[in-house]
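To start, the structure itself, in structure tokens.
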Amino acid sequence: MSAIATLPTEIVRHDHVASRNAEQIALKVENLEARYGRGCSACHELTGPEHSTNVCGQCGTVIACADVSFAVRAGRTLGIVGESGSGKTTVLRCLYGDLNPAGGTASLMTYEEGRANLFTASAQVRRRVRNFDMGMVYQHARDGLNLRISAGGNVAERLLAAEWRRVDQIRARAGHLLERMEIPRSRMDTPPSAFSGGMQQRVQIARALANGPAVVLLDEMTSGLDVSVQAGVLDLVLELQRTEGVAMVVVSHDLGVIRLLCERTMVMKNGRVVESGLTDQILEDPRHPYTQLLVSSVNA
Amino acid sequence: MNEAVVSEIPHDASRTQSGTHSGYSYAFLDELTKKSVRRAILKAVAVPGYQVPFGSTELPIARGWGTGGLQVTLSLIGPGDVLKVIDQGSDDSVNAVNIRQLVELTAPGVDTTAATEEATIIQTRHRIPEAPLHADQIMVFQVPLPEPLRVVERRESETRRMHAEADYGRIWVALYEDVVQHGRITRSAGYPVVVNGRHVMTPSPIPKWDVPRLHQAPFLSLFGAGREKRIYAVPPLTDVVPLAFDDYPFAIEDFDGAHCARCGSDDTFLVEVPQPDGSSVMSCSDESWCEARRTERGQS
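In order, the protein sequence lines correspond to chains S and U.
Using the working numbering, read the first sequence as starting at 128 and increasing by one per residue.
Using the working numbering, read the second sequence as starting at 46 and increasing by one per residue.
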């Protein structure tokens, strides 16, 4: 039982949320490359969809992703689809700072007005950008949550990292977000270890959205949720696109989710982008053989 | 700082003799060790609140009994210095007496005192004297656990990363959870503070009562953790701000109008002293301050 009385719902928004220009490019990535291993001069030649592998035949390095470039405007959503091991999650992890990319640039509208490369910023600056301007939903809730502290505390951590310093405001914001995720306020002070997998995932989404970030990265956010909750979560994401001008990158296996949320989609295979464009175009008229296979397997 | 190696002393030198132990360097530590400790101190002063690793050496007292503070003291002390050593406010505890004797035996030209205002170096375990300190005094704290983030993170590699990136969300969440569960912040001794607007630091287990006295203090504070091999510092006139919420502000101990049974003070940090009949009375923790007040009032 909470020692604090329930407070009126109030969304405290960051000042920069209101000033975001819907037409601005919120996130721009160019030639992102990440690898596991030392790398050699032949790595690029010997990997990719034409070789059906992302392991360099000469030095054994795994090219997790290479030559990945894209841009997302504020309030828009980019989808990334592709088979397991195609580098989708690696792209998100590089952007969020969980993984150091081997090359490429990323610029964020809210960081130095998009003129500086986030990848070469100091660790302290990257952490600050991540705490203030980014949110991430991991595929596995245990990666994104501290299961021992309360659900409210998990959401609060993001707010506290972004320098919110009033407990009543933090609780109001956390309670509001959790309620929108269909987690009642009465369970706000329960640790997520006592929650079902679906509930944990919803806590994660609430956490990612907590401080009104400019960019939210969602890795398989609806996998493991039942269909009715999925619909609720997707509704919320759609609403956030409209109201808060958040740019999103959605990684999903579920082409239905991609079709609903994403104006543009990128298809990855063996660490490379094989096709990108408008979602409708890609799903209706796939060009690359892999995309054709993907779309036909769903429709079959 | 004296380079001389002390000689001319009988092997069984005891306190009653005015001389010192033979064969030992001035102030027990050899010059190179003192130099390395001083280097760590200089770095600590340059980066307020940052824990500087140092090679904690062996001493004739066990680690965990004030060896960090003692190494700092021995590295700084020289002829003309006046040393005061207190243990929980007491000049007469075994630990304080032993440390004072070691300095008396090995550092000729150093006086020891119980009077706060006479001291140039005050080595302390867990208290700052009640008497106002001035700019030419140095406080040396004995620190058992220098890492304020240890409560939320076990791994040293991770806490160092968190300090480096100013990633303090998790320690804030611990305070938030405290408020949610207990309606207030329950931390007492070793209350976490932000030093110079950058590093989160534990001010050794001094009571909350003493924490505000570090803020913009005229004196230099040096913290030595011998077992954990860390030295850190708060230079004079540095901001030291306790972690707290705007709606749950930091508060010092409240003795609810109680006063010292011996000197009558109601404006000092009080401790409970058990009596032979099973009852207890409150008494000043700082005994030299209490003594001085009683002398003032002709009660001694």
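Even for Gly, the Cβ is constructed at its ideal location relative to N, Cα and C.
Residue i vs residue j beta-carbon contact at 8 Å
i	j	result
leucine 121(U)	leucine 104(U)	no
isoleucine 166(U)	valine 185(U)	yes
valine 330(S)	leucine 305(S)	yes
alanine 288(S)	asparagine 244(S)	no
tyrosine 277(U)	tyrosine 69(U)	no
alanine 160(U)	serine 333(U)	yes
proline 237(U)	leucine 288(U)	yes
threonine 232(S)	glycine 398(S)	no
leucine 219(S)	cysteine 192(S)	no
serine 234(S)	glycine 224(S)	no
threonine 169(U)	phenylalanine 73(U)	no
proline 93(U)	threonine 283(U)	yes
tyrosine 163(S)	threonine 180(S)	no
leucine 128(U)	alanine 164(U)	yes
arginine 145(U)	valine 130(U)	yes
glycine 235(U)	threonine 112(U)	no
proline 98(U)	arginine 275(U)	yes
valine 316(U)	glycine 280(S)	no
serine 172(U)	aspartate 331(U)	Residue 172(U) is actually arginine in this sequence, not serine. Closer than 8 Å, so yes.
valine 422(S)	proline 413(S)	yes
serine 317(S)	alanine 278(S)	Per the sequence presented here, residue 317(S) reads as threonine, with serine not at that position. Yes, these two residues count as a Cβ contact at 8 Å.
threonine 204(U)	leucine 190(U)	no
glutamate 390(S)	leucine 410(S)	no
valine 208(S)	isoleucine 385(S)	yes
aspartate 291(U)	arginine 293(S)	yes
alanine 161(S)	cysteine 221(S)	yes
leucine 344(S)	leucine 361(S)	no
Span of the alpha helix (DSSP H) around residue i
i	result
glutamate 222(U)	214-227
arginine 307(U)	Arginine 307(U) -> no alpha helix (DSSP H), and no H or E assigned at all.
serine 333(U)	332-341
valine 155(U)	Neither: valine 155(U) is in no alpha helix (DSSP H) and is coded neither H nor E.
methionine 327(U)	Counting along the chain, methionine 327(U) falls outside any alpha helix (DSSP H), though it belongs to the beta strand (DSSP E) covering 325-329.
valine 330(S)	324-336
arginine 312(S)	Neither: arginine 312(S) is in no alpha helix (DSSP H) and is coded neither H nor E.
Bridge-paired residues (DSSP) for residue i
i	result
arginine 200(S)	Ile152(S)
cysteine 167(S)	Cysteine 167(S) pairs with nothing; no bridge assigned.
leucine 345(S)	Val264(S) and Val377(S)
alanine 161(S)	Cys192(S)
leucine 205(S)	Val376(S) and Arg391(S)
valine 238(U)	Met246(U) and Pro287(U)
proline 177(U)	Answer is none; proline 177(U) lacks a bridge partner.
glycine 175(S)	Thr180(S)
proline 318(U)	It is worth fixing the name first, because residue 318(U) is valine in this sequence and not proline. Valine 318(U) is bridged to Val326(U).
Residue i Cβ short of 7 Å to the ligand SAM heavy atom set
i	result
glutamate 160(S)	This structure lacks the ligand SAM; in fact it carries no ligand of any kind.
Enclosing beta strand (DSSP E) for residue i [first to last residue]
i	result
valine 182(S)	Per DSSP, valine 182(S) belongs to no beta strand (DSSP E) and is neither H nor E.
arginine 170(U)	166-170
glutamine 187(U)	183-187
histidine 244(U)	244-246
aspartate 312(U)	Neither: aspartate 312(U) is in no beta strand (DSSP E) and is coded neither H nor E.
aspartate 75(U)	Premise fails: aspartate 75(U) is in no beta strand (DSSP E) and is neither H nor E.
valine 197(U)	Unbroken run through valine 197(U): none, as it is neither H nor E.
Quick check: the region 126-142 of chain U against the region 298-307 of chain U, are there 3 or more CB pairs under 8 Å? no
Kindly provide the ranges of any beta strand (DSSP E) runs that are 3 or more residues long and lie completely inside the region 80-135 of chain U, ordered along the chain. 127-132
Report yes or no: do three or more beta-carbon pairs, one from the region 262-269 of chain S and one from the region 337-346 of chain S, lie closer than 8 Å? yes
Taking only runs of the alpha helix (DSSP H) that begin and end inside the region 353-416 of chain S, which ones reach a length of at least 4 residues, in chain order? 354-371, 382-388 and 406-411
Decide yes or no for the touch test of the region 342-349 of chain S against the region 307-324 of chain S: beta carbon pairs closer than 8 Å, at least 3 of them. Short answer: they don't touch.
What residue ranges within the region 248-302 of chain U form continuous beta strand (DSSP E) runs of no fewer than 3 residues, ordered along the chain? 265-270, 275-279 and 285-287
Whole beta strand (DSSP E) elements within the region 209-284 of chain S, 3-residue minimum: 230-235 and 261-264
Does the count of Cβ pairs from the region 156-170 of chain S and the region 350-362 of chain S closer than 8 Å reach three? no
Using 8 Å as the Cβ pair cut-off and three pairs as the minimum, do the region 362-379 of chain S and the region 196-206 of chain S touch? Taking 8 Å as the limit for Cβ pairs, the verdict is that the region 196-206 of chain S does touch the region 362-379 of chain S.
Are the region 240-253 of chain U and the region 206-222 of chain U touching by the rule of at least three beta carbon pairs closer than 8 Å? Cβ pair count under 8 Å is three or more, so yes.
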